[in-house]
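Reviewing the structure listed below.
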Amino acid sequence: MPDKQEAVLPLSERQRFEFNKLKKRLRRLVGEAIADYRMIEDGDKVMVCLSGGKDSHTLLDILLSLKLNAPVSFDIVAVNLDQKQPGFPEDVLPRYLTSIGVPFHIIEQDTYSVVKRVVPEGQTTCGLCSRLRRGALYRYASDNGITKIALGHHRDDILETFFLNLFHGGSLKAMPPKLLSDNRRHIVIRPLAYCKERDVSEYARLRDFPIIPCTLCGSQPNLQRQVMKEMLQEWSKRFPGRLDAIFGALKNVAPSHLADTSVFDFANLESLRDTAGFDEDSGQGLDILAM
Ligand code: SF4
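Shown next, in the form of structure tokens:
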């Protein structure tokens, strides 16, 4: 397949330079995430879930670009779920995907009516909607020999989820770059896990992807997630590097310094005690001093 990775917006020489830098950065970060988590292997059939938003467009574009020089051979199929929301522009994605020559499939499933019928007026519809959507995508994956399901979540989505769970869920968990589905039949991957939302948005803008708005369902966006997003954006402005540090922490977990007995065997610490290697004068070995 020819490389059609070209910016569509007219760009000055300077902007073209910046665009190329941005694309290189995204390619590098996606490549690193794929390698770190062994997301894609030889012979994989990767289904890229394309909602029509900036994130999934960017994911598809960067994966297609990486595929051209990848050390392994894998297939990509773009899959969109037409949820039958009023006003969904059903011709936009098929036209775009045909133009870039990528195999694709549109699943048509009226989850919109189900959600409207089942969820009482005024309550958030996203929970049920997401479950129905996941079911439709998993079904397609099972029926079509898909080995990896790629989603467009980026670093900021992962951080927002982390703080949502921390502040409201009472658990220390985020959104993993690679996940085994609950029924253990599917591997979900998030190749944009290391990419900042700001970069993804800018890339999507410069590439001029045909974006489909995500407000067609008429649902309120998740307000708590929005609060997390604003908090993180504020931190990012006031404390440059803080979000990188937090994301780095997600990759550097010390279960022995948390308090979950199911991931660290505090009860049997005594069995690990080694009095011989303890230097009381220097304090070396005194873990209690560690921050
Ligand atoms: S915003 Fe609308 S389409 Fe998106 S998950 Fe919520 S209900 Fe579904």
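Under numbering that gives the first Met the number 0, the first residue of the sequence shown is numbered 0, with each subsequent residue one higher.
Beta carbons: idealized from backbone N, C-alpha and C, even for Gly.
Here the structure is a predicted model, which is why all the values come from computation and not from measurement.
_Cutting at 6 Å between CB atoms, please list the residues of its own chain near Q82, excluding the five before and the five after it._
On the sequence shown, residue 82 is found 83 positions in, with the first residue counted as 1. Only T110, Y111 meet the Cβ criterion.
*Using DSSP with H/G/I as helix, E/B as strand and the rest coil, what is I106?*
Position 107 of the sequence shown holds residue 106. It is a strand residue.
*Check whether the Cβ of C213 lies closer than 7 Å to any heavy atom of ligand 1, and answer yes or no.*
Translated into positions along the sequence shown, residue 213 becomes position 214. Yes, since a heavy atom of ligand 1 falls inside the 7 Å radius drawn around the Cβ of C213.
*Measure the alpha-carbon distance for H185 versus G42 and round it to whole angstroms.*
Here residue 185 refers to the residue found at position 186 when the sequence shown is read from its first residue. Here residue 42 refers to the residue found at position 43 when the sequence shown is read from its first residue. Whole-angstrom Cα-Cα distance: 16 Å.
*asked:* In the DSSP output, what is D181 paired with across the bridge?
replied: On the sequence shown, position 182 is the one that residue 181 refers to. DSSP lists no partner for D181.
*7 Å Cβ shell around L179 - same chain, five flanking residues per side excluded*: Position 180 of the sequence shown, counted from the first residue, corresponds to residue 179. I186, listed in sequence order.
_4 or more residues per run - each alpha helix (DSSP H) lying fully within the region 66-125_ = 91-99, 110-117
*asked:* Taking CB distances under 8 Å as the criterion, tell me whether P254 reaches chain B.
replied: Although the question refers to chain B, the structure presented lacks it and comprises just one protein chain.
*Backbone secondary structure at Q4 - three-state DSSP*: Numbered from its first residue, the sequence shown carries residue 4 at position 5. A caution first: Q4 carries a pLDDT of 46, below 50, which makes its placement in the model too unreliable to give a value.
*Could you tell me the boundaries of the beta strand (DSSP E) in which N45 lies?*
Locating residue 45 in the sequence shown gives position 46, where the first residue counts as 1. First, the residue type needs correcting, since residue 45 is Val and not Asn in the sequence shown. Element bounds for V45: 44-48.
_With a threshold of 7 Å (Cβ to nearest heavy atom), would T160 be considered close to ligand 1?_
Against the sequence shown, residue 160 aligns to sequence position 161. Incorrect: T160 has no Cβ contact closer than 7 Å to ligand 1.
*asked:* I need the boundaries of the beta strand (DSSP E) containing K147, first residue and last residue.
replied: Here the question's residue 147 lines up with position 148 in the sequence shown. Note, K147: beta strand (DSSP E), 147-149.
*Among the residues of its own chain, which have a CB less than 7 Å from the CB of D198, if the five just before and after it don't count?*
Working through the sequence shown from its first residue, we reach residue 198 at position 199. Excluding residues within five positions, the ones whose Cβ falls inside 7 Å are L21, R24, L25.
*Is V114 near ligand 1, with its Cβ less than 7 Å from a heavy atom?*
Position 115 of the sequence shown, counting from 1, holds the residue named residue 114. Checking the Cβ of V114 against ligand 1 gives yes.
*What's the gap between the Cα of D156 and the Cα of T146?*
Taking the first residue of the sequence shown as 1, we reach residue 156 at position 157. Taking the first residue of the sequence shown as 1, we reach residue 146 at position 147. Using only the alpha carbons, I get a separation of about 24 Å.
_L231 and L249 closer than 8 Å at C-beta_ = Here residue 231 is taken as the residue at index 232 of the sequence shown, counted from 1. Here residue 249 is taken as the residue at index 250 of the sequence shown, counted from 1. The answer is no: Cβ separation not under 8 Å.
_Per-residue burial, G291 [other beta carbons within 10 Å of its own, 16 or more giving buried]_ = Beyond the ends of the chain as shown, which are 0 and 290, falls residue 291; an answer cannot be given.
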